[in-house]
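To start, the structure under review is shown below, and the notes come after it.
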Amino acid sequence: MKVFDRVHLDVVDYDVKGRGLGKVDGAVVFLDGGEIGDKVEVEILKKKKKFYEGKIVGYDKKSSHRVKNPCPYDRCNGCAFLSLERKSELAWKRERVASAVARIGGIDTKVEEVITGGDVFGYRNHMQFHVKNGKLCLYGKDGELIPIRRCLMQSDRGNEILAVLQREKWLADIRTVGIRTTRAGEVMVILVGKKDISDRLLHDAVAFAVEEKVDSLYYSKNKNPRFHYGKTFHHLYGKETIEETLGQFRYGIGAGNFFQINPFGAEAITREVTKNLIGAETVVELYSGIGTITLAASRMAGQVIGNEISEISVDYARQTAEKNGVINVRYIAGPAEKMLPKIAEEETIHGLIVDPPRAGLDPVVVDTLLESKPEQIIYVSCNPSTLARDLSRLAEAYHIAKIQPIDMFPHTASVETVVNLKIK
Numbered sequence: 000m001k002v003f004d005r006v007h008l009d010v011v012d013y014d015v016k017g018r019g020l021g022k023v024d025g026a027v028v029f030l031d032g033g034e035i036g037d038k039v040e041v042e043i044l045k046k047k048k049k050f051y052e053g054k055i056v057g058y059d060k061k062s063s064h065r066v067k068n069p070c071p072y073d074r075c076n077g078c079a080f081l082s083l084e085r086k087s088e089l090a091w092k093r094e095r096v097a098s099a100v101a102r103i104g105g106i107d108t109k110v111e112e113v114i115t116g117g118d119v120f121g122y123r124n125h126m127q128f129h130v131k132n133g134k135l136c137l138y139g140k141d142g143e144l145i146p147i148r149r150c151l152m153q154s155d156r157g158n159e160i161l162a163v164l165q166r167e168k169w170l171a172d173i174r175t176v177g178i179r180t181t182r183a184g185e186v187m188v189i190l191v192g193k194k195d196i197s198d199r200l201l202h203d204a205v206a207f208a209v210e211e212k213v214d215s216l217y218y219s220k221n222k223n224p225r226f227h228y229g230k231t232f233h234h235l236y237g238k239e240t241i242e243e244t245l246g247q248f249r250y251g252i253g254a255g256n257f258f259q260i261n262p263f264g265a266e267a268i269t270r271e272v273t274k275n276l277i278g279a280e281t282v283v284e285l286y287s288g289i290g291t292i293t294l295a296a297s298r299m300a301g302q303v304i305g306n307e308i309s310e311i312s313v314d315y316a317r318q319t320a321e322k323n324g325v326i327n328v329r330y331i332a333g334p335a336e337k338m339l340p341k342i343a344e345e346e347t348i349h350g351l352i353v354d355p356p357r358a359g360l361d362p363v364v365v366d367t368l369l370e371s372k373p374e375q376i377i378y379v380s381c382n383p384s385t386l387a388r389d390l391s392r393l394a395e396a397y398h399i400a401k402i403q404p405i406d407m408f409p410h411t412a413s414v415e416t417v418v419n420l421k422i423k
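Under numbering that gives the first Met the number 0, read the sequence shown as residues 0 to 423, first letter to last.
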């Protein structure tokens with residue numbers, strides 16, 4: 000099989016990005032689309048060491064799992080599963096977790112049906128759009144920028160602002176626009192340019208904010224195209240923060256703050272964690288971020304200690320705890336692999352929550368857990384592969400009581416998982 004050859008194959012699976020996957024004479028071919036059950040004609044575009052990449056040029060038969068794509072921007076690269084029926088999407092996500100746990104972790108255990116958290120459209124409260132020829136765009140599958148008037152994943156309020164911005168002539172001086180919203184309808188607009196903001200741009204941007212009832216307006220200078228925003232944010236108009244509520248707790252969101260993109264999904268994860276958390280005197284959360292799970296756990300423990308590497312996130316978490324009147328939590332800044340051994344020396348840890356990045360747990364963290372043996376570990380994961388790897392080691396001392404996938408980002412290939420582990 001060579002580049003530019005045309006072959007026929009069946010789409011049998013998806014990769015971690017949601018791209019269709021098929022085989023020809025045992026060789027794996029990754030596609031630019033396709034749904035499981037499609038029979039397609041493919042043009043081979045690239046030959047790699049262990050696989051090929053191809054473009055679908057025709058359909059011999061379309062999958063029975065297909066539905067009409069509701070998005071008018073089919074070239075957009077944001078959503079993998081808009082042409083796939085929801086029950087098939089959820090089944091694949093469950094199987095992705097189950098397969099990783101069995102294949103990588105070597106663990107034979109039940110994986111629950113996927114929990115969905117809220118609406119499958121309009122759930123994103125933060126999006127960034129790139130400006131090209133004065134129009135707000137998203138990247139397409141081919142790397143080209145596509146002008147967007149409305150995104151199905153963005154909140155209604157965000158789409159209202161997006162539509163208005165597409166008519167503004169002063170956008171020609173902007174590189175990127177960020178739109179943040181809350182479920183209560185508040186909106187923050189973040190303008191990003193290569194230079195300091197000019198008086199003319201400041202005047203036009205503030206006039207827009209006043210006219211469209213934007214709650215908060217910021218400008219960020221950024222010369223590095225690898226990042227959406229610069230290191231600093233200049234407040235131009237309105238409030239400094241907008242406010243979101245998760246469960247019973249209120250969070251002030253600034254221009255540079257990390258916050259969960261899907262608040263409905265974040266609440267689903269928090270509910271699952273607290274539902275399974277055994278009431279304990281001391282609970283520790285590693286990779287605690289801005290403290291959303293830590294605060295929820297505070298209702299079920301004598302004290303909760305949150306550990307996060309980012310000083311900015313720790314400061315924000317402390318402010319949020321104070322704002323909500325929570326007095327039984329404290330936060331420690333530093334890498335988990337260095338801080339957990341210190342915490343374990345000073346405290347008897349009864350329950351431990353981990354919510355690591357895609358790379359999973361540092362080996363030192365796993366070693367410390369196997370030595371200190373807290374009664375319960377709740378593992379929140381965004382990567383089934385590293386989750387399975389870590390579970391294979393933790394299974395030496397822990398019984399897996401429950402594996403619960405959660406659909407945090409509908410219509411994408413991402414899946415979150417909450418695992419409840421109890422000491423043997």
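Each residue gets a CB set at the ideal place from its N, CA and C atoms; glycine is no exception. No experiment lies behind these values; they were computed from the predicted model shown.
Discussion item. Which of the three DSSP states is assigned to L275 in this structure?
Written reply: Taking the sequence shown and counting its residues from 1, the one referred to as residue 275 is at position 276. Going by the sequence as given, residue 275 is Asn instead of Leu. Of the three classes helix, strand and coil, the one that applies to N275 here is helix, per DSSP.
Worksheet item: Name the DSSP bridge partner or partners of H227?
Response: As a working mapping, residue 227 is identified with position 228 in the sequence shown. Answer is none; H227 lacks a bridge partner.
Practice prompt. Tell me whether Y58 is buried or exposed, calling it buried when 16 or more other Cβ atoms sit within 10 Å of its Cβ.
Written response: Taking the sequence shown and counting its residues from 1, one reaches residue 58 at position 59. Its Cβ having fewer than 16 others within 10 Å, Y58 is exposed.
Practice prompt. Using beta-carbon positions only, say whether A265 and L245 come within less than 7 Å of one another.
Written response: For the purposes of this step, residue 265 is identified with residue 266 of the sequence shown, where counting begins at 1. For the purposes of this step, residue 245 is identified with residue 246 of the sequence shown, where counting begins at 1. Going by C-beta atoms, A265 is nearer than 7 Å to L245.
Worksheet item: What is the C-beta distance between E34 and V10, in whole angstroms, given that I count them as a contact (C-beta under 8 Å)?
Response: Against the sequence shown, residue 34 aligns to sequence position 35. Against the sequence shown, residue 10 aligns to sequence position 11. Their Cβ separation, rounded to whole angstroms, is 6 Å, which keeps E34 and V10 in contact under 8 Å.
Worksheet item: Curious, which full-length beta strand (DSSP E) runs of at least 3 residues does the stretch 126-153 contain?
Response: 134-138, 144-146
Worksheet item: Is there contact between the stretch 341-352 and the stretch 372-382, where contact requires at least three CB pairs shorter than 8 Å?
Response: yes
Worksheet entry | Pairwise C-alpha distance: L161 and G142 | Taking the sequence shown and counting its residues from 1, one reaches residue 142 at position 143. Taking the sequence shown and counting its residues from 1, one reaches residue 161 at position 162. Those two C-alpha atoms are separated by around 21 Å.
Discussion item. Assuming G104 and A387 are in contact, meaning their beta carbons sit under 8 Å apart, how far apart are those beta carbons, in whole angstroms?
Written reply: Residue mapping note: residue 104 aligns to position 105 of the sequence shown, counting from 1. Residue mapping note: residue 387 aligns to position 388 of the sequence shown, counting from 1. Confirmed, about 4 Å.
Practice prompt. Kindly list the residues whose CB is nearer than 7 Å to the CB of A101, restricted to its own chain and excluding five residues on each side of it in sequence; keep chain order.
Written response: Start at 1 with the first residue of the sequence shown, and residue 101 comes out as number 102. Once the five neighbours on either side are set aside, the close Cβ partners of A101 are D107.
Worksheet entry | Y72 to Q153 span [Cα, whole Å] | Translated into the one-based positions of the sequence shown, residue 72 becomes position 73. Translated into the one-based positions of the sequence shown, residue 153 becomes position 154. If you take the alpha carbons of Y72 and Q153, they lie about 14 Å apart.
Fill in: Rounded separation between V110 and L89 - CA only
Residue numbering aside, residue 110 sits at position 111 when the sequence shown is read from its first letter. Residue numbering aside, residue 89 sits at position 90 when the sequence shown is read from its first letter. One C-alpha to the other measures close to 12 Å.
Worksheet item: Where does K16 fall in DSSP's three states?
Response: As a position in the sequence shown, residue 16 is number 17, starting the count at 1. K16: coil per DSSP, three-state reduction.
Worksheet item: Run through DSSP, which three-state label would F248 get?
Response: Taking the first residue of the sequence shown as 1, we reach residue 248 at position 249. Three-state result, F248: strand.
Worksheet item: Can you tell me where the alpha helix (DSSP H) with T181 in it begins and where it stops?
Response: As a first step, residue 181 must be located in the sequence shown, where it is residue number 182. Where T181 is concerned, there is no enclosing alpha helix (DSSP H), given that its DSSP letter is neither H nor E.
Item to complete: State the Cα-Cα distance for the pair K47 and K92, rounded to the nearest angstrom.
Response: What you label residue 47 is simply residue 48 of the sequence shown in a count that begins at 1. What you label residue 92 is simply residue 93 of the sequence shown in a count that begins at 1. If I take the Cα positions, the gap works out to 27 Å.
Worksheet entry | Cβ neighbour criterion (16 or more within 10 Å) applied to H129 | Your numbering for residue 129 matches position 130 in the sequence shown. Per the 10 Å Cβ criterion, buried.
Worksheet item: Taking C-beta to C-beta, are T416 and V96 nearer than 7 Å?
Response: Here residue 416 corresponds to residue number 417 of the sequence shown, with the count starting at 1. Here residue 96 corresponds to residue number 97 of the sequence shown, with the count starting at 1. Yes. Within cutoff.
Worksheet entry | Rounded straight-line distance, which links the Cα of G253 to that of P262 | Stepping through the sequence shown from its first residue, residue 262 is reached at position 263. Stepping through the sequence shown from its first residue, residue 253 is reached at position 254. Cα to Cα, the separation comes out at about 16 Å.
Worksheet item: When burial is assigned at 16 or more other CB atoms within 10 Å of the CB, is F232 buried or exposed?
Response: As a first step, residue 232 is located in the sequence shown; it is residue number 233 there, counting from the start. Its Cβ being crowded by 16 or more others within 10 Å, F232 is buried.
Item to complete: Locate the beta strand (DSSP E) running through T416, then write down its first and last residues.
Response: Residue mapping note: residue 416 aligns to position 417 of the sequence shown, counting from 1. Residues 415-422.
Worksheet entry | For V353, the first and last residue of its enclosing beta strand (DSSP E) | Start at 1 with the first residue of the sequence shown, and residue 353 comes out as number 354. That run of the beta strand (DSSP E) goes 350-353.
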